[in-house]
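Residue numbers (this note's numbering): 3 to 292. Don't be surprised by glycine CBs; every beta carbon is placed ideally from N, CA and C. Presented below is the structure to which this report refers.
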């Protein structure tokens, strides 16, 4: 794969003088906008280079392992996994397989992303659309979210799965705590992250889909299963459709609030639910008057 030129404009200026002496300079700008770029990548170095240079359409030509960031804010970056697998590094500190920065847009499809240990397969602070398989292989002591959303995300399909022994939720939409390191940070992420699920299969993790502080989740379709809780809403979740199966002693859904950053709303407008009970609810927080 050759070097990529960063997207932008090349501007050419022309000047002309009138009269015997130089009286004025006339500028006539002409701009050339580079066409959308396409690349097939087979190594971590090539994928890093393509993303850094704003290539619009990237296709994997081999399995790749590494940690990669989508940061181009000039347009959508399409990542076609090409039927291959993109894997995280699996280090003890976070080295997520794909991070999407605020202001960037990514469309990821047609393959598998695998994360393990303290990595997420996809960590989104921008706008990300997913139609791909996502797996987290961590255990109780080495777990993390398969998908962590602090921006806007749409999941249209794919098999999203985690370990049955995981100590982390499969998907977290929102913030685990209202602190500078795990909460909303202006210019870094979105105050009220949104997650829309239109389809796909979602299984396991400690909780399958958790809507945390500030998160707004809409589930239109898909199949969801867990021996624990399938859907947990600490803030705002709407279920319009889908199939939800709780295989253990926990309720299929759970809603509650624990501080002033949570709302504990769960709206069920459709769907099929199978399990010991439909909803468990708790309000462990009472807001104090000033």
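Between residue i and residue j, what straight-line distance do the alpha-carbon atoms span, to the nearest angstrom?
| i | j | result |
| --- | --- | --- |
| residue 274 | residue 150 | 26 Å |
| residue 112 | residue 87 | 10 Å |
| residue 259 | residue 43 | 45 Å |
| residue 48 | residue 280 | 48 Å |
| residue 50 | residue 246 | 38 Å |
| residue 141 | residue 248 | 20 Å |
| residue 70 | residue 55 | 13 Å |
| residue 157 | residue 195 | 14 Å |
| residue 254 | residue 276 | 7 Å |
| residue 93 | residue 118 | 8 Å |
| residue 104 | residue 165 | 29 Å |
| residue 265 | residue 64 | 44 Å |
| residue 109 | residue 78 | 7 Å |
| residue 230 | residue 184 | 24 Å |
| residue 131 | residue 83 | 13 Å |
| residue 66 | residue 139 | 17 Å |
| residue 221 | residue 53 | 31 Å |
| residue 134 | residue 235 | 24 Å |
| residue 191 | residue 178 | 14 Å |
| residue 129 | residue 176 | 14 Å |
| residue 153 | residue 278 | 34 Å |
| residue 270 | residue 146 | 28 Å |
Within a Cβ cutoff of 6 Å, which residues of the same chain sit near residue i, ignoring the five residues on either side of it in sequence?
| i | result |
| --- | --- |
| residue 125 | 98, 101, 150 |
| residue 68 | 46 |
| residue 59 | 40, 80 |
| residue 210 | 172, 204, 226, 228, 232 |
| residue 25 | The predicted model places residue 25 with a pLDDT of 40, which falls under 50 and marks its position as unreliable; any figure quoted below should be read in that light. Excluding positions up to five away in sequence, the list is empty. |
| residue 239 | 213, 219, 268 |
| residue 73 | 103, 106 |
| residue 207 | 164, 168, 171, 172 |
| residue 272 | 242, 243 |
In terms of residue numbering, what span does the beta strand (DSSP E) encompassing residue i cover?
| i | result |
| --- | --- |
| residue 130 | 129-138 |
| residue 50 | Counting along the chain, residue 50 falls outside any beta strand (DSSP E), though it belongs to the alpha helix (DSSP H) covering 46-54. |
| residue 161 | 161-163 |
| residue 125 | 124-126 |
| residue 205 | 203-205 |
| residue 41 | 40-43 |
| residue 89 | 87-89 |
| residue 197 | 196-199 |
| residue 151 | 149-151 |
| residue 61 | 59-62 |
Per DSSP, residue i is paired with what?
| i | result |
| --- | --- |
| residue 170 | The partner list for residue 170 (beta bridge, DSSP) is empty, contrary to what the question assumes. |
| residue 177 | 215 |
| residue 100 | 70, 124 |
| residue 78 | 107 |
| residue 275 | 246 |
| residue 283 | 257 |
| residue 114 | 87, 135 |
| residue 156 | 131, 198 |
Using a Cβ-based criterion (distance less than 7 Å to any ligand heavy atom), does residue i qualify as near the ligand MN?
| i | result |
| --- | --- |
| residue 212 | This structure lacks the ligand MN, and indeed carries no ligand of any kind. |
Within its chain, find whatever has a CB closer than 8 Å to the CB of residue i; leave out the 5 residues flanking it on each side and keep chain order.
| i | result |
| --- | --- |
| residue 37 | The predicted model places residue 37 with a pLDDT of 46, which falls under 50 and marks its position as unreliable, so this point remains unresolved. |
| residue 200 | 156, 157, 158, 159, 222, 223, 224 |
Looking only at its chain, what residues have a beta carbon closer than 7 Å to the beta carbon of residue i, apart from the 5 residues adjacent to it on each side?
| i | result |
| --- | --- |
| residue 136 | 115, 123, 124, 148, 149, 160, 162 |
| residue 96 | 120, 121 |
| residue 282 | 253, 256 |
- Message: Quick check on the DSSP output: what are the complete beta strand (DSSP E) runs of length 3 or more inside the stretch 213-273, in order along the chain?
- Response: 218-221, 225-228, 231-235, 238-241, 245-248, 255-259, 267-270
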